[in-house]
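If you're matching them up, the sequences are chains A and B in order.
Just so we're aligned, residue 196 is where the first sequence starts under my numbering, counting upward by one.
Just so we're aligned, residue 9 is where the second sequence starts under my numbering, counting upward by one.
Think of the CB as a built atom: it goes at the ideal place given N, C-alpha and C, for glycine as much as any other residue.
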Amino acid sequence: MTFHPNGDNRSFLMQPTKPVGIVGYGAYVPRYRLPGSEVARVWTNGLGGSPVTEKAVAGPDEDVTTMSIEAARNALARAGIDPQALRAVWIGSESHPYAVKPTSTIVAESIGASANIQAADWEFACKAGTEAVQASIAMVGSGMGAYTLSIGMDTAQSRPGDALEYTAASGGAAFVIGAAEESCAVYQGSYSFVTDTPDFWRRADESYPSHGERFTGEPAYFNHTTSAASRLLDMMGTTAADYTHAVFHQPNVKFPSRAGQMLGFKEEQMKTGLLAGEIGNVYSGSCMVGLTAILDVAKPGDRILMVSYGSGAGSDAFDLRVTERILEIRDRAPKTRDYITRRTVIDYATYCRYRGLLRD
Amino acid sequence: MRKVAIIGVGQTPVGEHWDASIRMIAAEAVHAALEDSQVKAVDALYVGNAYGASFSSQSQLGALIADYAGLGSIETFSTEAGDASGGAALRTGYLAVASGAVDTVLVLGVEKSTDTVSTAHVRARNVSLDADYESIHGATLTALAALLMRRYMHEYGVELGAFENFSINAHTNGGKNANAMYRNQIKPGAFARAPMIADPVSLFDGAPDADGAAAVILTTVERAADLVPHPIQIIASAAASDSLALHERADLLDLRAVRASVNKAMQQANITHGDINLFELHDAFTILSALTLEAAGFAERGQGWRLAKDGQIGLTGTLPISTFGGLKSRGNPVGASGVYQAVEATLQLRGTAGANQVPDARIAMIQSIGGLASTVITHILSI
């Protein structure tokens, strides 16, 4: 089946049998910040720019498990549900602490979920988190469960001195998915666009990822984000002007800005969710934490486009509409902006210690 | 020796062709040249390629491309001379037709250079330097060009900004060429402020490596007259060489091989400098352009940069260079660059260069250089 630019493509639109939405959301961004100028100081004698001002760095006692628990608690607080009601706990990340042994079981038990759940760790580079959201929409929308929890969280790795070191950051977000009538943002539809495009990878037993440099741009990030977004808009019968906010996977500031521009979005629609300049690229949590920042300030009726990107490669695009319930729940947990302003700047040496980069 | 003419040209856009393999872009240029020439078959295919074995994990390009492009079981092989591989293929084709060995030849230059990451790219590129005395010590082509440029600036008291017009001119012309890789314009002053790659060679100085394929079809002048309305004659073909290692050269700022090959070519063609209407030189670095203009006899020593400053190298100047953007703006598809020069000069002499046309172009010189003028292959084309 082929997508026709001028045809009826509505069969590609993903919509569940029962209307669903985001019942609760929560962000977590660790406290520490490594300025891009620190990376430049060590590796380029301070010459050349940095794609972000600074990036968020997990502390020495934090990992994807602990940070997922933080975000999940915030999401549950906003959802106002008993964690025993969850029927799935799914965590997307490319920095799961264990190669074999799920992060999701530790998180599920820590937040008080029951044993009657699906639990799994997801991997699709930076779109593992939104892939878990798609699955949650399907599970709740089909009636297999009343509530599920989907998390995108990372402590992203980067080889010392690599261009990625400026941006590879820590943080993410959690979403409780449930029935539309309980939601602060109702799911309208989604679409996923996936190809075999080897732009970025990390083989088993390797500490740091490899990437195809400029190849990560046009044929990878831009092709997938703009294809997923434009096809979703086509199927929804919308244009960029119909959305109050748009948030994209943000490996830096330039890529999402340009992708948004290519699709017709204006800076005003992009700025609330574009956090990469302040926290870096939090990989699986990237557009998801951007969405939490939007929900923190969104008005009922606002329409939101969220587009993820995972190397390898693919994009998930979601169309959401904010409900009155947002006003009731958003103050039940710390705002994303609170986490961003809570910051302690560290130097490169401290960063190396916190991220375990000093080896025997 | 028989007289040789170009009866067909073809080229692919120069750029990052991540969606195509080396045989695919090669076949595109081959078929474009065949269509342009109206010739159905050729007797031989000579392929100019420098780094297929490393960039594309592929050797025996001749047989690969002849088969894929449907040329049949013809004579075919590749020539390698670093960045001058395209010029070497053209000279091979010229000699084959001129000698009477074959009647019709397809000369193809092809390179797929953007499928590797930068560390592997530099390692592959470094094989064109002197392995024992240069690359083993960490030298790269760009670093050695920087040494030459620094020496030039020191010897002649020239500031960095003096070189900017070579890049500005290339991008002015490349901006009008649909096949060029970088069609942006370079503003005056930006050159000297550009990020350094190997000081003083900056981002706006060195030509970008790229993917591309270009092809020309050669036959005898007699046969050409029956085949196409405007055959372009190759009135000279000459090659010369110099040491790979810079330290072996008695005079760093004298490109001896450029001088030797140009002198031989001009003798063959029986022309003087004033007869040449355009010069497609190997502008991999601005310092190579300046030194080439001097060694080729278009400028006094230490004065090559002034031709650019005085606006003499533009399309309407006394010696237009890089008329379709050159390596700098059109891009440098390494082993294919010499054949792109032949294609572009042919378009100029046919009068079909469009917005890039040099007025009243009758004689064009093209020059393909390997390394920092270790291999230099010069051709002169005429209407």
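Please compile the residues from chain A whose C-beta is within a distance smaller than 7 Å of the C-beta of residue i.
i: B/W26; result: F410, P414
i: B/P341; result: Correct list: empty, because the minimum Cβ distance to chain A is about 16 Å.
i: B/P203; result: G243
Exposed or buried, residue i, counting other C-beta atoms within 10 Å across all chains shown (16 or more means buried)?
i: A/D642; result: Examination of residue 642 of chain A is not possible in this model, given that chain A is present from 196 through 555 alone.
i: A/G551; result: exposed
i: B/D91; result: buried
i: B/D27; result: exposed
i: A/V540; result: exposed
i: B/V68; result: The sequence shown places Gln at residue 68 of chain B, rather than the Val named in the question. Exposed: under 16 other Cβ atoms inside 10 Å.
i: A/T390; result: exposed
i: B/S126; result: exposed
i: A/Y534; result: buried
i: A/V295; result: exposed
i: B/D207; result: exposed
i: A/M339; result: exposed
i: A/P451; result: buried
i: A/R228; result: buried
i: A/P230; result: buried
i: A/R273; result: buried
Quick one: what does DSSP say residue i is sitting in, helix, strand or coil?
i: A/Q445; result: coil
i: A/P230; result: strand
i: B/N340; result: strand
i: A/F450; result: helix
i: A/R550; result: coil
i: B/D217; result: strand
i: A/E257; result: coil
i: B/I377; result: strand
i: B/N177; result: helix
i: A/I372; result: strand
i: B/L116; result: strand
i: A/W396; result: strand
i: A/C482; result: helix
i: A/E265; result: helix
i: A/R282; result: strand
i: A/Q313; result: strand
i: A/N476; result: strand
i: B/F63; result: helix
i: B/V236; result: coil
i: B/F212; result: coil
i: B/L355; result: helix
i: A/S405; result: strand
i: B/M189; result: coil
i: B/Q19; result: strand
i: B/L226; result: strand
i: A/A308; result: coil
Between residue i and chain C, is there a C-beta pair that is closer than 8 Å?
i: A/G243; result: The structure shown contains no chain C; its protein chains are A and B.
In chain A, what lies closer than 8 Å to residue i by C-beta?
i: B/S126; result: E408
What are the partner residues of residue i, as DSSP defines its beta bridges?
i: A/K250; result: A/L229
i: B/T383; result: B/S249, B/G378
i: A/F513; result: A/S385, A/M501
i: A/G366; result: A/D349
i: A/L469; result: Paired residue(s): none; A/L469 is not in a bridge.
i: A/Y416; result: Beta-bridge pairing links A/Y416 to no other residue.
i: A/L522; result: DSSP output for A/L522 lists no bridge partner at all.
i: B/D91; result: B/A89
i: B/S390; result: B/Q241, B/I371
i: B/G108; result: None, per the DSSP bridge assignment.
i: A/Y223; result: A/G367
Is residue i close to the ligand NAP? I mean its beta-carbon at under 7 Å from any heavy atom of the ligand.
i: B/R201; result: Here there are no bound small molecules, and the ligand NAP is not part of this structure.
Given 8 Å, three or more beta-carbon pairs between the segment 319 to 337 of chain A and the segment 475 to 482 of chain A: Verdict: yes, contact present.
For the pair the segment 229 to 243 of chain B and the segment 27 to 42 of chain B, tell me if three or more CB-CB distances fall below 8 Å. Cβ pair count under 8 Å is below three, so no.
Taking three-plus beta-carbon pairs below 8 Å as touching, is the segment 272 to 289 of chain A in contact with the segment 248 to 257 of chain A? Between the segment 272 to 289 of chain A and the segment 248 to 257 of chain A, the count of Cβ pairs shorter than 8 Å is below three; the stretches do not touch.
Pair every Cβ in the segment 188 to 208 of chain B with every Cβ in the segment 342 to 353 of chain B, then say whether three or more of these pairs are closer than 8 Å. These segments do not touch.
Does the count of Cβ pairs from the segment 242 to 253 of chain B and the segment 287 to 302 of chain B closer than 8 Å reach three? The segment 242 to 253 of chain B is not in contact with the segment 287 to 302 of chain B.
Report yes or no: do the segment 362 to 370 of chain A and the segment 310 to 317 of chain A share at least 3 C-beta pairs separated by less than 8 Å? The segment 310 to 317 of chain A and the segment 362 to 370 of chain A do not touch, with fewer than three beta-carbon pairs separated by less than 8 Å.
Are the segment 115 to 130 of chain B and the segment 16 to 35 of chain B touching, with three or more C-beta to C-beta distances below 8 Å? Contact holds: three or more Cβ-Cβ distances are below 8 Å.
Does the count of Cβ pairs from the segment 226 to 241 of chain A and the segment 285 to 293 of chain A closer than 8 Å reach three? Because the criterion of three Cβ pairs below 8 Å is not met, the segment 226 to 241 of chain A and the segment 285 to 293 of chain A do not touch.
Any chance the segment 405 to 415 of chain A sits against the segment 432 to 442 of chain A, with 3 or more Cβ pairs inside 8 Å? Output reads no: the segment 432 to 442 of chain A does not touch the segment 405 to 415 of chain A.
Three or more beta-carbon pairs under 8 Å between the segment 178 to 185 of chain B and the segment 302 to 315 of chain B, yes or no? With a cut-off of 8 Å, the segment 302 to 315 of chain B and the segment 178 to 185 of chain B do not count as touching, because too few Cβ pairs lie within range.
Do the segment 87 to 101 of chain B and the segment 337 to 346 of chain B meet, that is, are 3 or more Cβ pairs less than 8 Å apart? Yes: the two stretches touch, three or more of their Cβ pairs being nearer than 8 Å.
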